[in-house]
Amino acid sequence: RQHLATRRMGRRRKAAVALLDEVADEAFLGGEEKAVKKGKYGAAESAAVIAAANRMAEGLGFADAAALLSLESTTSAKKRMEHFKELAATQFPDRTALSLYSHVKRQCHPGANKGSWGEDDTERLRELYDEYGPKWSQFATELGRTPEACRDRFRQMFGDGEGVELKKREKWTADEVARLSSAKVDGVPVLEIEDPTKISFVRLSNRVGSRAKYQCYRMWEKLSRERAGRLRAAALLDSRAHQLELCQKLQLAHVDDEHDLVWSKFGYDPIGCGTVYAKTCFAKLKAEFRVEDRPFRAALDALVDKLTAIVHDDLLEQWEREDAAEAAMRRRAADPPSAAKPAAKRARKASRTSS
1431 RQHLATRRMG
1441 RRRKAAVALL
1451 DEVADEAFLG
1461 GEEKAVKKGK
1471 YGAAESAAVI
1481 AAANRMAEGL
1491 GFADAAALLS
1501 LESTTSAKKR
1511 MEHFKELAAT
1521 QFPDRTALSL
1531 YSHVKRQCHP
1541 GANKGSWGED
1551 DTERLRELYD
1561 EYGPKWSQFA
1571 TELGRTPEAC
1581 RDRFRQMFGD
1591 GEGVELKKRE
1601 KWTADEVARL
1611 SSAKVDGVPV
1621 LEIEDPTKIS
1631 FVRLSNRVGS
1641 RAKYQCYRMW
1651 EKLSRERAGR
1661 LRAAALLDSR
1671 AHQLELCQKL
1681 QLAHVDDEHD
1691 LVWSKFGYDP
1701 IGCGTVYAKT
1711 CFAKLKAEFR
1721 VEDRPFRAAL
1731 DALVDKLTAI
1741 VHDDLLEQWE
1751 REDAAEAAMR
1761 RRAADPPSAA
1771 KPAAKRARKA
1781 SRTSS
């Protein structure tokens, strides 16, 4: 079975597996683990590695490391890795050959365009995949990026290209949004989770069924932001002071008909949530104070008068409480408790008990 499975892997995949096995073995020298430096390359270290790679490429008959790593190069990946293993052993012993090879490839490969992906590049990548399949090296030449960057971008935006056809440019349907919003993690709705690391967007993508995991992440982020904005707006307009402020802003709009108002200009409705909260709050205020049958200007003036009186009374009560608390503090400061009073009280109590 193992022999048959190996034959089915294909020549390129077998070569890649063998190459990775060789690279993994280099971390152990004489049965002892080699101290390997990990993490990002610094500016000085990166410059030294690229200069050494260019010298190595010149010694092999290439113009520079970019020519050695180009698609037109006849040197196989295994031969290139052997050269980088020698480079790691002689000049950079704290880095693995695979680390050096990957860094030089990212920096010097002809397709090493590390800029952000635009809509046109992403759409062209999808067109190339639909036409040729997963020919990442071929796409890299046209798009000016590395094959790995093309592969990762496609998987990020469209999934693995198998099974359900994943959509990108079409708007999310109500059914898709409902499937995402109804998902739960350990019984908690996904929109109530603030930390995205606690959500498996792969499972969320499988639940939605027609979107890639990155698309699900962006939609989750959008819906979570809108939900937080709705909660903030609802809490804000629960205050009488802010309700009064809203009505005063409506007065300053100088319109005679409620239908002429542009509710989004008043700053209470979060972006992407329509004009729900300010308009709803005004309707509730009219119903609460029973002015919904009056004309718009008359109802608005009545609401401002009533809310002004309520806010004024609330402020007076607040000031009275603050003054009372301040007076109590002054009394305690002026008449501190004496240590002699408790002692005298205990003495009187003892004398009454003895008598």
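In this note's numbering, the protein residues as written are 1431 to 1785.
All C-beta atoms, glycine included, are put in the ideal place defined by N, C-alpha and C.
Relative to residue 1600, the option among 1680, 1645 and 1584 whose CA is nearest is 1645. Secondary structure of residue 1577 (DSSP, three-state): helix. A buried status is given to residue 1487, since no fewer than 16 other beta-carbon atoms sit within 10 Å of its beta-carbon.
In the three-state reduction of the DSSP assignment, residue 1685 falls in the coil class, being assigned neither a helical nor a strand state. Per DSSP, reduced to three states, the secondary structure at residue 1607 is helical. Taken through DSSP and simplified to helix, strand or coil, residue 1626 comes out as helix. Two segments are said to touch when three or more pairs of C-beta atoms, one from each, lie closer than 8 Å; by this definition the stretch 1685-1694 does not touch the stretch 1753-1767. Where residue 1562 is concerned, the enclosing alpha helix (DSSP H) starts and stops at 1549-1562. In this structure residue 1667 is buried. Its beta-carbon is surrounded by 16 or more other beta-carbon atoms within 10 angstroms. For residue 1707, the enclosing alpha helix (DSSP H) begins and ends at 1707-1718.
Bridge partners of residue 1615 according to DSSP: 1618. Around the beta carbon of residue 1558, 16 or more other beta carbons lie within 10 angstroms, which makes this residue buried. The beta carbons of residue 1740 and residue 1670 sit closer together than 8 Å.
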